[in-house]
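Note that numbering that gives the first Met the number 0 has the sequence shown beginning at 0, numbered continuously upward.
Note that beta-carbon positions come from the ideal geometry of N, C-alpha and C, so glycine has one too.
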Amino acid sequence: MRVPGMFQMPVPRAALVAIAVSCAVALALELVSGGEPWTVVALLAATLTTGVALFSGPSRPVAAPISVPEVAPPPSESAKSLTELAPFIEALPEATLLVDRNGRVVASNREARRQLQFEAQGLRLSAILRHPEILDAAHGASVDGITRVVEYENAAPVEEHFRVYVAPIAWGDDTAALMIFHDQTTHIVTERMRADFLANASHELKTPVTSLSLLIETLGGAARDDVTARERFLGLMEQQVDRMRRLIDDLLSLSKIEINEHVPPNERADMVLIAREAADAMATVAKGRGVKIQVVTEAAAHQVIGDRFQLTQVAQNLIDNAVKYSLAGGSVVVEIGAAEGREAAADRAARQWSEASRISLLTPSAPGSRRFVYLRVTDQGPGIPRRHLPRLSERFFRVERDQQAVERSGTGLGLAIVKHIVNRHRGGFAVESELGRGSAFAIYLEEARGGGGGA
Ligand code: ADP
0 MRVPGMFQMP
10 VPRAALVAIA
20 VSCAVALALE
30 LVSGGEPWTV
40 VALLAATLTT
50 GVALFSGPSR
60 PVAAPISVPE
70 VAPPPSESAK
80 SLTELAPFIE
90 ALPEATLLVD
100 RNGRVVASNR
110 EARRQLQFEA
120 QGLRLSAILR
130 HPEILDAAHG
140 ASVDGITRVV
150 EYENAAPVEE
160 HFRVYVAPIA
170 WGDDTAALMI
180 FHDQTTHIVT
190 ERMRADFLAN
200 ASHELKTPVT
210 SLSLLIETLG
220 GAARDDVTAR
230 ERFLGLMEQQ
240 VDRMRRLIDD
250 LLSLSKIEIN
260 EHVPPNERAD
270 MVLIAREAAD
280 AMATVAKGRG
290 VKIQVVTEAA
300 AHQVIGDRFQ
310 LTQVAQNLID
320 NAVKYSLAGG
330 SVVVEIGAAE
340 GREAAADRAA
350 RQWSEASRIS
360 LLTPSAPGSR
370 RFVYLRVTDQ
380 GPGIPRRHLP
390 RLSERFFRVE
400 RDQQAVERSG
410 TGLGLAIVKH
420 IVNRHRGGFA
430 VESELGRGSA
440 FAIYLEEARG
450 GGGGA
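Laid out in structure tokens, this is it:
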């Protein structure tokens with residue numbers, strides 16, 4: 000039996016044994032450390048492949064579909080023979096290096112060259128990587144024959160985390176270190192986000208629960224026979240329960256939106272109707288705060304491909320914020336229009352005030368030449384300092400973080416919900432704000448064909 004098309008040149012049996020053993024060791028370590036399934040599969044495949052080749056009799060040259068880059072002539076005789084392992088290294092899916100006992104890289108695969116950003120063969124490992132622990136592990140493996148696992152991270156220019164398996168390869172009279180780089184960045188960043196999210200969510204829930212238990216205690220004690228105090232405390236309890244309810248509703252909304260975020264909607268929705276309904280729903284609250292809401296539109300209808308329920312949630316969250324952060328006597332303008340091309344839409348949606356700070360929180364993935372419908376909600380509130388703009392759609396982010404502000408504001412999830420919904424619609428989300436003048440939040444979505452309603 001032979002493995003068709005795998006090998007380009009005859010390979011000594013000892014080399015196959017060395018690679019199979021190294022892959023098996025890496026696989027065992029990966030299994031023990033509860034590693035990623037795809038890494039386990041990749042290592043299993045590599046172990047099986049070399050194992051099959053080992054037991055399929057003497058390997059012989061066959062046509063090779065995998066092209067192996069030429070390895071520059073290494074300095075020593077032994078390194079020259081180590082380079083015969085290059086085809087195997089190249090075939091491995093994870094970034095892999097083979098380093099001789101002098102610290103010279105005698106073989107590498109494409110993934111390693113991409114991740115570690117080098118091109119030439121025969122470089123010193125220390126010229127590619129500066130982490131002393133990795134250099135020591137590579138040297139150690141080829142000297143004492145012990146497998147090591149080293150973790151390292153880079154903070155700049157981008158955050159990266161790697162777990163490196165460094166396994167010895169004994170081959171003829173020579174020894175080398177096989178280094179497999181397992182990229183753990185996504186796993187670690189996702190874990191951290193999940194932990195932060197849980198910590199934030201628990202913290203947000205803890206505040207109303209603590210208030211409630213204090214209120215219950217007071218009601219059962221000092222305020223038991225005081226009718227006026229009882230009424231006041233019951234009112235406060237209702238507020239805290241309401242706060243918890245909103246938080247839970249927003250958390251559930253966010254998780255529902257995220258589940259479907261990769262599936263763009265396919266129904267039609269009219270942004271004018273949506274904006275009018277959202278404005279009507281906020282009318283009583285706005286009146287209570289002395290704020291006027293005005294809906295301004297260029298056409299009777301502006302159709303987009305969208306989920307009507309979710310887009311209503313977007314309009315409501317933006318109008319709700321505009322009313323909430325407005326001063327009494329202020330007015331909120333909800334404007335709906337359309338523009339030819341992404342840049343023109345972005346200009347009309349969120350580049351209106353010459354002195355304002357602005358940022359795009361999400362760029363549409365629809366082709367830039369399409370026609371876009373925008374919804375812009377402007378208020379005359381205090382405005383948002385420039386340094387806070389990039390964080391606006393982060394979960395639980397609030398510009399003012401003191402307790403009073405938390406009580407006054409909402410859950411800190413409103414804009415995160417807007418961003419995820421707009422992302423599902425492959426649309427854009429931007430904000431411009433000027434201290435003392437106000438803020439304008441805008442979304443823009445690709446127009447549905449035949450979507451204009453006529454002016
Ligand atoms: P919240 O529920 O706290 O309003 P959001 O996610 O909707 O949460 O908004 C995040 C933060 O952004 C708010 O806490 C507030 O500090 C700021 N913000 C949002 N909209 C406005 C606005 N129209 N004017 C001023 N600040 C705003």
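Label residue i either buried or exposed according to how many other C-beta atoms from any shown protein chain fall within 10 Å of its C-beta, with 16 as the threshold for buried.
i              : result
lysine 255     : exposed
asparagine 320 : buried
aspartate 248  : exposed
aspartate 269  : buried
histidine 419  : buried
proline 363    : buried
methionine 281 : buried
glycine 219    : exposed
arginine 448   : exposed
threonine 410  : buried
histidine 301  : buried
glycine 171    : exposed
leucine 213    : exposed
serine 368     : exposed
asparagine 316 : buried
proline 311    : The sequence given here has threonine at residue 311, not proline. Threonine 311 is buried by the Cβ-count criterion.
glutamate 456  : Past the edges of the chain, shown from 0 to 454, lies residue 456, and the structure says nothing about it.
arginine 113   : exposed
tyrosine 318   : For the sequence presented, residue 318 should be read as isoleucine rather than tyrosine. Burial call: buried.
serine 325     : buried
valine 142     : exposed
arginine 457   : Past the boundaries of the shown model lies residue 457; the chain is included only from 0 to 454, so the question cannot be answered.
serine 392     : buried
threonine 283  : exposed
valine 427     : Inspection of the sequence shows that residue 427 is occupied by glycine rather than by valine. Counting Cβ neighbours within 10 Å, glycine 427 comes out buried, since at least 16 surround it.
alanine 345    : buried
Apart from the five residues on each side of it in sequence, which residues of its chain come closer than 8 Å, Cβ to Cβ, to residue i?
i             : result
leucine 97    : Leu81, Leu84, Ala85, Ile88, Val104, Val105, Ala106, Ser107, Ile168, Ala175, Ala176, Leu177, Met178
glycine 144   : Pro167, Ala169, Thr174
glutamate 257 : His419
threonine 296 : Val271, Ala274, Glu334, Ile335, Gly336
Residues in its own chain within less than 7 Å of residue i by CB, not counting five upstream and five downstream?
i              : result
arginine 147   : Ala136, Gly139, Ala140, Val165
glycine 512    : No answer is possible for residue 512: the residues shown for the chain start at 0 and end at 454.
leucine 253    : Leu412, Ala415, Ile416, His419
alanine 365    : Arg425, Glu445
arginine 162   : Val148, Glu150, His181, Gln183
serine 330     : Val290, Lys291, Gln293, Gln379
asparagine 199 : Arg394, Phe395
serine 201     : none
alanine 222    : Ala228, Arg229, Phe232
Can you name, in chain order, every residue of its own chain whose Cβ lies under 6 Å from the Cβ of residue i, other than the five neighbours on each side?
i                 : result
glutamine 239     : Pro207, Ser210, Leu211
phenylalanine 117 : Ile127
arginine 423      : Glu260
aspartate 306     : Pro264
glutamate 152     : His160
threonine 95      : Ile88, Asn108, Ala111, Ile179
So is the beta-carbon of residue i under 6 Å away from any non-hydrogen atom of ligand 3?
i          : result
serine 438 : Absent from the structure shown: ligand 3. Ligands present: ligand 1.
Tell me the DSSP bridge mates of residue i?
i                 : result
arginine 103      : Arg123
glutamine 116     : Answer by DSSP bridge pairing: none, since glutamine 116 is not bridged.
glycine 427       : Tyr443
arginine 147      : Val165
glutamate 433     : Gly437
glutamate 152     : His160
glutamine 459     : Here the chain covers residues 0 to 454 and nothing more, so residue 459 does not appear.
alanine 94        : Phe180
threonine 377     : Val332, Ala439
alanine 268       : Val303
phenylalanine 371 : Ala338, Glu445
Are the C-beta atoms of residue i and some chain C residue less than 7 Å apart?
i              : result
isoleucine 292 : Chain labels in this structure do not include chain C; a single protein chain is all it has.
Between the region 186–196 and the region 99–110, can you find at least three pairs of beta-carbon atoms closer than 8 Å?
With a cut-off of 8 Å, the region 186–196 and the region 99–110 do not count as touching, because too few Cβ pairs lie within range.
Using 8 Å as the threshold, is the region 330–342 in touch with the region 354–361, meaning 3 or more CB pairs across them?
Judged by pairs of C-beta atoms under 8 Å, the region 330–342 does not touch the region 354–361, as fewer than three such pairs exist.
Just list the beta strand (DSSP E) runs in the region 332–367, keeping only unbroken ones of 3 residues or longer that don't cross its boundaries, in chain order.
Entirely contained in the region 332–367, the beta strand (DSSP E) runs reaching 3 residues are, in chain order, 356–361.
Quick check on the DSSP output: what are the complete alpha helix (DSSP H) runs of length 4 or more inside the region 156–219, in order along the chain?
184–219
Should the region 426–435 be called in touch with the region 381–397, which here means at least 3 C-beta pairs below 8 Å?
yes
Which runs of the alpha helix (DSSP H) spanning at least 4 residues fall entirely within the region 217–260, listed in chain order?
Taken in chain order, the complete alpha helix (DSSP H) segments of 4 residues or longer contained in the region 217–260 are 226–259.
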